[in-house]
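Asks:
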Amino acid sequence: MSGVNSNSRLVITGGTLFDGEKERDNPGLLIADGKVAGLGARVRESHAAQTFDATGCVISAGFIDLCCNLREPGNGQKGNIASETRAAAHGGFTTVCASPETSPINDSGAVTHLIQERAASSGAVRVVPVGAVTRGLKGELLSDMAGLKSAGCRLLGNGSRSVGNARILRRCMAYAETFGLTLMFSPENQALAADGYAHDGQVTTRLGLLGIPEVAETAAVAEMLLLAEETGVRLHLSQLSCARSVDMLAEARQRGIPVTADVAMHQLAFTEESLASFDSRFHVRPPLRSEVDRQALIKGVESGVIDAIVSQHLPHDTAAKQAPLPATEPGLSSIESVLSLGLELVERGELSRSRLLQALTTGPGAIAGQSARLDEGAEADLCVFDPAQHWQPSVSALVSVGKHAPVLDRSLPGRMRLTLVAGQVAWRE
Amino acid sequence: MTATDPSPNHLQLTRDGQLRHFLTLDGLSRELLTDILDTADSFIEVGTRSIKKVPLLRGRTVVNLFFEPSTRTRSTFELAAKRLSADVLNLDISTSATSKGESLSDTLLNLEAMASDMFVVRHSQSGAPHFIASSVTPGVAIINAGDGRHSHPTQAMLDMLTIRQNKGGFEGLKVAIVGDVLHSRVARSQIRALNELGVDEVRIIAPGTLLPRDVEDLGCTVEYDMKRGMKDLDVVIMLRLQNERMEGALLPSEREFFRLYGLTEDKLALAKPDCIVMHPGPINRGVEIESSVADGPQSVILSQVTNGIAIRMAVMSMAMGGQMAERQYRQTHTNQEARA
């Protein structure tokens, strides 16, 4: 850690400033007492004990991740709150929503409190626990939703698992609506996904892998949208992977259904072809789909139909990925490369930088109930990255316990230079 | 973790394009496939001698690593290795280490410690031989003896040898593959080999539930009606139907399958008169093929088995040759570096 602390004053000069909406030249940013204390002409370097020269860099509101696995409590060999929040800070994230899929599962206020305490003592960034919507994530019985809410959960979900049937899903929604909770689901029809682990398409046909058809997602999206319309619950569809899901989402929004959505960065950057040499890193769920799907998802982000980009960070120990592809566990160690992969999309002209940054800040912020604006008086949650400088996500460069990052063998744009959470240094190069 | 090169060839070929593993037919050229067939032809003669041995793998240890039970494939691999004068170790892993909770990586480390030169791998999971080839120490050759639904390259090559023996070549041929393509590693390898070797048409004959998604992309046409599909055929390859297909609601009954897709004398009469009948075995008489057809004059099913030994000898000797060439390359390279 550097000498910057909450009592000192820091001025960031140079570069551009993305305040959550727009990017403009940095007029000078004064941080004091953990807050944005001044912007523009009134900020003089003499105000500060320290200055940070951000020439050539982007100073952005801190990124907010709606879907992240910290692996604590319970999975120490795959990661913990200290290691994975530091990895998050390296990725520019200042808030992560922690999946309820821990051991024990976060289906009670007691587990929520445990996570909050561990985050307060060892976390490098803000941790927002997501509660389980069904007990033990089994998809059978309701969790103590009111108890989770009073412990501080605003978002409830079922992790990577499906809720058993439509009747239970409908009751989850009706009960959550009672308390104004937002439900977050990764839509997958279990019967259609069956034993699959890869997109049912060209690559599975060629390699003889077990496919998950698109309809496993789209059928679940349709069901969830209809149930959300009926119950009035705020629904968040997480980790979409199919072009048709984006169409259905857009239509539902036009009808006024209160639904939001996110997509994992790897769905925007890779396709089913990543599995062509049985590379187990790209065994993810939902699976990487076709190029048509990838392009539709990017368009969904660009048009705003998809609100947020998530990391879907799922760190593993090496043994979990050292086996024939079907026997490996799904998930990427992705949180440190989200921005860099996004900047590659920007460089290729596939996505605008403003939408990329909005989908990492204000988009997810609105869903998680976190402000992501760098206005005067706001919490000083921000990151400073150099979009033109490259870094190589090697095993030694990665902070996460999980070393199965999507890119390992080449350099990526977007070096993270500084991440502040409430004015405190969470990452500094 | 494997490299990100999507082609399998960085793994199975040497710098100068020789085989060093034999994992899949994807990416292998017509020249290389023909080379395998020609080499196998030269080994067929060995099988007719009174002393059926050549010393190509003398002093080498070949481990048959079968994670899935198999009688025919394993015994032909064993015979092939023995005819090449190798020492052979048969390990039936499905009943030993892995069922005691040992991981595949750990099993391999133990076997490598026994200084083996070649693993012949059969595994129920697609991609297992790729995984093994990408994690073993350099110098050990991996031969795929069938992985999941992915690939069974020696089976497909012995089928190609059988076709060439009976038809003289591949040009202009119309070949049908009938039955459960969805679950078949054999069919995937056959479609690939037939396309590379230049047949006129590969036709899949099966109901919709037994077809992989967009199967045409593999290089074949699809026909639901077997009677229409038999027209003008030079070769018909029947696939084995597993009993459990009924349980997964893929088919209503064996009886209905046999009526629609079983090869009978009546249906065979719709093909060209010299159409040959093939089956990778073991056959289910009365399910996918009528006994009188399986044993009939157009059936070449038993010569497939004989050819299997020759193909496996060819592939094993070629892969070992590739590994030797690599080793030599590495040695000269290190020597040069040492001198420099």
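Chains as they are written, first to last, in the numbering used here: chain A, 1030 to 1458; chain B, 434 to 773. The beta-carbon is built from N, C-alpha and C at its ideal position, and this holds for glycine as well.
1. Pair every Cβ in the region 456-469 of chain B with every Cβ in the region 1137-1150 of chain A, then say whether three or more of these pairs are closer than 8 Å.
2. Helix, strand or coil for V1140 (chain A)? Go by DSSP, reduced to three states.
3. Over what stretch of residues does the beta strand (DSSP E) that includes E478 (chain B) continue unbroken?
4. For A1290 (chain A), write down the residues that DSSP places opposite it in a beta bridge.
5. Check whether the region 1082-1096 of chain A touches the region 1408-1417 of chain A, counting contact only when three or more Cβ pairs, one atom from each stretch, lie closer than 8 Å.
6. Use the C-beta contact count for G1032 (chain A): other C-beta atoms within 10 angstroms, 16 or more gives buried, fewer gives exposed.
7. Skipping 5 residues on each side, what residues in its chain have a beta carbon closer than 6 Å to that of G1452 (chain A)?
8. For D1229 (chain A), decide whether its Cβ has a neighbour in chain B, counting only Cβ atoms nearer than 7 Å.
9. Which residues of chain B have a Cβ atom closer than 9 Å to the Cβ of G1240 (chain A), listed in chain order?
10. Using DSSP bridges, identify the partner residues of A1337 (chain A).
11. Residues in the same chain with beta-carbon distance under 7 Å from H517 (chain B), minus the five sequence neighbours each way, listed in chain order, please.
12. Check whether the Cβ atoms of V1156 (chain A) and A1127 (chain A) lie closer than 7 Å to each other.
13. In chain B, which residues lie less than 7 Å from T1300 (chain A) when you measure between Cβ atoms?
14. Indicate whether at least one CB of chain E lies closer than 7 Å to the CB of R673 (chain B).
15. Cα-Cα, which of B:T765, B:T481, B:A758, B:L672 is closest to G719 (chain B)?
16. Among the candidates B:Q769, B:I742, B:H766, whose CA atom is the shortest distance from the CA of T472 (chain B)?
17. What residue from B:F476, B:G754, B:A771 has the CA that sits closest to Q445 (chain B)'s CA?
18. What residues of chain B sit near T1247 (chain A), judged by a beta carbon separation below 8 Å?
19. Out of A:S1270, A:L1411, A:G1406, A:D1229, state which residue places its alpha-carbon closest to the alpha-carbon of T1391 (chain A).
20. Using the beta-carbon of each residue, which ones in chain A are nearer than 7 Å to Q558 (chain B)?
21. Looking at A1401 (chain A): is its Cβ nearer than 7 Å to the Cβ of A1090 (chain A)?
22. Going by Cα to Cα distance, which pick from B:G652, B:L674, B:A519 is closest to E629 (chain B)?
23. For H454 (chain B), which residues in chain A fall below 7 Å Cβ to Cβ?
24. For A1434 (chain A), go through chain B and note every residue whose CB falls closer than 8 Å to its CB, in chain order.
25. Helix, strand or coil for P713 (chain B)? Go by DSSP, reduced to three states.
26. Identify the contact partners of L651 (chain B) in chain A, using a Cβ-Cβ distance below 7 Å as the criterion.
27. Anyone know if the C-beta pair for T1247 (chain A) and S1274 (chain A) falls short of 7 Å?
28. Flag this pair as yes or no: are the beta carbons of Q1219 (chain A) and S1191 (chain A) separated by less than 7 Å?
29. Spell out the partners DSSP gives L522 (chain B) in its beta bridges.
30. Straight-line CA distance for G581 (chain B) to F552 (chain B)?
31. Would the region 1210-1217 of chain A count as touching the region 1249-1266 of chain A if we require 3 or more Cβ pairs under 8 Å?
32. Quick one: is V1424 (chain A) buried, meaning 16 or more other Cβ sit within 10 Å of its Cβ, or exposed?
33. Based on Cα-Cα distance, which residue from A:D1173, A:I1327, A:S1319, A:D1336 lies nearest to E1002 (chain A)?
34. Contact criterion: CB-CB distance below 7 Å. Does R661 (chain B) meet it with respect to chain A?
35. Given 8 Å as the limit, is there contact between the region 1221-1231 of chain A and the region 1288-1298 of chain A, that is, 3 or more CB pairs closer than that?
36. Under a three-way DSSP split, which group does C669 (chain B) fall into?
Replies: Concretely, from the data shown:
1. no
2. helix
3. Run containing E478 (chain B): none; DSSP gives neither H nor E here.
4. A:L1266
5. yes
6. Model confidence at G1032 (chain A) stands at a pLDDT of 43, short of 50, so the residue's coordinates are unreliable and nothing is read from them.
7. S1035, I1060, G1063, A1409
8. yes
9. P645, R646
10. A:D1291
11. For clarity, residue 517 (chain B) is Leu in the given sequence; the question names His instead. Counting only Cβ-Cβ distances below 7 Å, and skipping sequence neighbours, we find V487, L489, L490, M746, M749, S750.
12. yes
13. Neighbours of T1300 (chain A) on chain B: none; closest Cβ ~11 Å, over 7 Å.
14. In the displayed structure, chain E is absent; the protein chains listed are A and B.
15. B:L672
16. B:I742
17. B:G754
18. The contacting residues do not exist; T1247 (chain A) stays about 15 Å from chain B at best.
19. A:L1411
20. P1353, P1355, A1356
21. yes
22. B:G652
23. Residues of chain A passing the Cβ test: none, with the nearest at roughly 13 Å.
24. Chain B residues near A1434 (chain A): none, gap ~10 Å exceeds 8 Å.
25. coil
26. T1234, R1235
27. yes
28. yes
29. B:V496
30. 17 Å
31. yes
32. exposed
33. Residue 1002 (chain A) is absent from the structure shown; chain A starts at 1030 and stops at 1458.
34. no
35. no
36. In the sequence as presented, Cys is not what sits at residue 669 (chain B); that position holds Val. V669 (chain B): strand per DSSP, three-state reduction.
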